[in-house]
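Residue numbers (this note's numbering): 13 to 453.
The structure appears below as structure tokens.
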Amino acid sequence: MKIKKITILFFIILGALISISFVLKKNPDKTIKVKVLDYSNISISNKYTGVVSPKEIFPIVAEGPTIVEKFLVKVGDEVKKGDQLVVFSNISLLENERILRGNEIDIEDTRLKLSNLESGPLKIELNNKILEIKNMEEEVINKKRTFPILESEVKAAKSRLTAYRTLFKEGGVTSTDLSSITSQFERINLDLINLKSSILLSEDKLKFLKENYDSLNKELSLEKTILLSKLEKLNLENNLLNKRFEQISKPFVSQYDGVIYTVNSQDGVSLAGGERLLTIATQAKNIVNLDIPIENFQNIQVGDKALVTPPNNEAENASKILGKVSKVSSIAKPSADEKKNLIIETEIEMPDSIYFNPGYFVDVEIFSDLKSNALSIDSFSIFKEENKSFVFILENGIAKKTQIDIGFKTKNSAEVLNLPKGTKIIINPFNTIDGQRVISE
């Protein structure tokens, strides 16, 4: 009986070992990829089609009235600094030369007038006024010096007259003597009165001379200022005419490396001064212009990342280029198509080292952050059972099915609320069994 029990126990243990061996063969250790749960930004992306545009455009303008003989380039041509762009008509050259000679004559005439101001009639009259003022100042000084002396003589004569009148009453002098002293006093007193009047008159005359001098001096200064201003204007015109002469006397050459972006005139057409001939887009940097539907506008901000797919004929290895949103218009406008949907003009800036020819169409994927610093995982790693969300986490080499609470969610990402930072999430939950031993790559 005892031997029978031992035999039965042996077969039970053997069966268990066989079962365990079968399970291990059926579910061997599986190699999986994991992602460590960490803080990141949850974003969405949308794809658009845009047009490559130059960041810098340099206009080439006619310096003055001219006639285009022939354009040597067309839109889309690549040019280097020094390449010929336009040839101008000889008629323009002759007309500009005539205007230039007239300008040089006016400059010489103005310089002569300025020179004459320093020795002409107005300057001579001004110098004469200076002499008159000096003479009159000297005259006033001399008269004022004489005045106190004459005033003392009048006082002395008046004292003598008073004394003689007293003596005459007492019979000490004759009437003839008194009359002589009286006449002498009246003469000296009259001289004093006349001197006072003369001083006042001379001072008025001196004041008038100074005012007249100031007026003449202002007139001379004004004339000089007008001539100097005219000369400056003529010199500026001369520089412009010489620059224009230099431009049209030979084929006009490019000052930049780039691509002809626009040609704004035609062969044989007359142009006014300052009118545009053509524009050159430099190859230093370019941008992509997009029309974003207004319903996507709120998700896009300046600084958002953008992946630009190069045009097929410019992509050597079809790799995408990382740019950024540099401008978002604040005003909506109708689209150019028949639907007239509202759009927002948006600009994508690309690295300086990247250059596409303007006008090419490119695909752009814009990534907009919706929530920052969130513990998030890829939506692909989440699976549902009975309307509950689960993931597999890696714990001590075992895949463990774990329910998660989801916060903010997009099509591609989801915020995890109940797992700590550092949790290892198995990226692909399919073909993974709860409790299965796994090996992470």
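C-beta: ideal position from N, C-alpha, C; glycine also.
Using alpha carbons as the reference points, say which of the options lies closest to residue i.
i: asparagine 108; options: Leu252, Gly409, Tyr372 and Pro441; result: Leu252
i: glycine 434; options: Ala426, Asn399 and Ser388; result: Ser388
i: glycine 286; options: Arg256, Val87 and Asp216; result: Arg256
i: valine 63; options: Lys219, Glu357 and Ser393; result: Glu357
i: glycine 280; options: Asp50, Val85, Ser57 and Val99; result: Val99
i: leucine 212; options: Asp349, Ile153, Leu105 and Asn301; result: Ile153
i: leucine 477; options: Glu235, Glu377, Leu228 and Leu179; result: No information on residue 477 is available, as it lies outside the stretch 13 to 453 that the chain covers here.
i: aspartate 364; options: Asn206, Leu49, Lys155 and Lys67; result: Lys67
i: threonine 274; options: Ser65, Lys383 and Leu248; result: Ser65
i: isoleucine 295; options: Phe70, Lys236 and Ser391; result: Looking at the sequence itself, residue 295 is glutamine, so the reference to isoleucine does not match. Residue Phe70 is the option with its Cα nearest to glutamine 295.
i: serine 104; options: Gln259, Asn229 and Leu354; result: Gln259
i: valine 320; options: Lys93, Tyr372, Arg177 and Leu173; result: Tyr372
i: phenylalanine 395; options: Thr444, Lys146 and Pro133; result: Thr444
i: valine 428; options: Pro441, Lys436 and Ala386; result: Ala386
i: asparagine 250; options: Glu116, Gln415 and Ser195; result: Glu116
i: glutamine 448; options: Lys339, Ser391, Lys86 and Glu407; result: Glu407
i: asparagine 247; options: Phe420, Lys400 and Gly114; result: Gly114
i: aspartate 417; options: Phe442, Leu431, Ile437 and Leu97; result: Leu431
What number of angstroms, rounded off, separates the C-alpha of residue i from the C-alpha of residue j?
i: glutamate 149; j: glutamate 163; result: 22 Å
i: valine 271; j: serine 261; result: 24 Å
i: valine 73; j: phenylalanine 379; result: 41 Å
i: asparagine 298; j: glycine 335; result: 11 Å
i: leucine 112; j: proline 370; result: 40 Å
i: lysine 125; j: lysine 219; result: 31 Å
i: phenylalanine 78; j: glycine 88; result: The question names phenylalanine, but residue 78 is threonine in the sequence shown. Rounded to the nearest angstrom, the two C-alpha atoms are 25 Å apart.
i: arginine 199; j: glutamate 151; result: 23 Å
i: lysine 37; j: serine 331; result: Below a pLDDT of 50, predicted positions are generally treated as unreliable, and lysine 37, at 42, falls in that range; no measurement from the model is reported.
i: leucine 84; j: proline 322; result: 30 Å
i: isoleucine 439; j: glycine 409; result: 15 Å
i: asparagine 102; j: glutamate 90; result: 27 Å
i: valine 35; j: aspartate 446; result: Because valine 35 carries a pLDDT of 44, less than 50, the predicted location of this residue cannot be relied on, and the following value inherits that uncertainty. About 14 Å.
i: isoleucine 119; j: serine 131; result: 19 Å
i: asparagine 329; j: valine 80; result: Per-residue confidence for asparagine 329 stands at a pLDDT of 48, beneath the threshold of 50, marking its modelled position as unreliable; no derived number is given.
i: isoleucine 405; j: alanine 411; result: 6 Å
i: isoleucine 366; j: aspartate 375; result: 15 Å
i: glutamine 310; j: serine 55; result: 13 Å
i: threonine 122; j: threonine 237; result: 12 Å
i: serine 341; j: asparagine 308; result: 13 Å
i: arginine 172; j: isoleucine 193; result: 7 Å
i: threonine 43; j: lysine 413; result: 17 Å
i: isoleucine 292; j: valine 300; result: 17 Å
i: phenylalanine 402; j: aspartate 269; result: 59 Å
i: phenylalanine 180; j: phenylalanine 159; result: 31 Å
i: lysine 92; j: phenylalanine 368; result: 16 Å
i: isoleucine 205; j: phenylalanine 197; result: 12 Å
i: serine 227; j: asparagine 147; result: 19 Å
i: lysine 59; j: isoleucine 355; result: 15 Å
i: asparagine 224; j: leucine 243; result: 28 Å
i: asparagine 276; j: lysine 82; result: 13 Å
i: proline 133; j: serine 233; result: 14 Å
Along the chain, where does the alpha helix (DSSP H) containing residue i start, and where does it finish?
i: lysine 146; result: 133-182
i: threonine 422; result: First-last for threonine 422: undefined, no H or E at that position.
i: asparagine 298; result: Here asparagine 298 belongs to no alpha helix (DSSP H); instead the beta strand (DSSP E) covers 298-305.
i: lysine 125; result: 102-129
On the CB-based measure, 16 or more other CB atoms within 10 Å of its CB, does residue i come out buried or exposed?
i: glutamate 359; result: buried
i: glutamate 454; result: Nothing in the structure corresponds to residue 454, since the chain is present only between 13 and 453.
i: leucine 143; result: exposed
i: alanine 318; result: buried
i: serine 393; result: buried
i: leucine 51; result: In the sequence as displayed, the identity of residue 51 is tyrosine instead of leucine. Per the 10 Å Cβ criterion, exposed.
i: valine 1; result: Since the first and last residues shown for the chain are 13 and 453, residue 1 lies out of range.
i: serine 452; result: exposed
i: leucine 239; result: buried
i: alanine 284; result: exposed
i: threonine 174; result: exposed
i: serine 266; result: buried
i: valine 46; result: buried
First and last residue of the beta strand (DSSP E) that includes residue i?
i: serine 458; result: Here the chain has residues from 13 to 453 only, and residue 458 is not among them.
i: arginine 288; result: 288-294
i: lysine 86; result: Here lysine 86 belongs to no beta strand (DSSP E), and DSSP marks it neither H nor E.
i: serine 338; result: 333-346
i: phenylalanine 368; result: Looking at the DSSP string, phenylalanine 368 is not in any beta strand (DSSP E), and its letter there is neither H nor E.
i: threonine 358; result: 354-361
i: isoleucine 44; result: 42-44
i: alanine 318; result: 317-321
i: isoleucine 312; result: Note, isoleucine 312: premise wrong, no beta strand (DSSP E); not H, not E.
i: proline 71; result: 69-73
i: serine 452; result: 450-452
Any beta strand (DSSP E) of 3 or more consecutive residues that is wholly inside the stretch 206-272: none
Suppose only complete runs of 3+ residues qualify. What are the beta strand (DSSP E) ranges in the stretch 380-446, listed by chain order? 395-397, 400-407, 410-415, 418-421, 425-428 and 436-438
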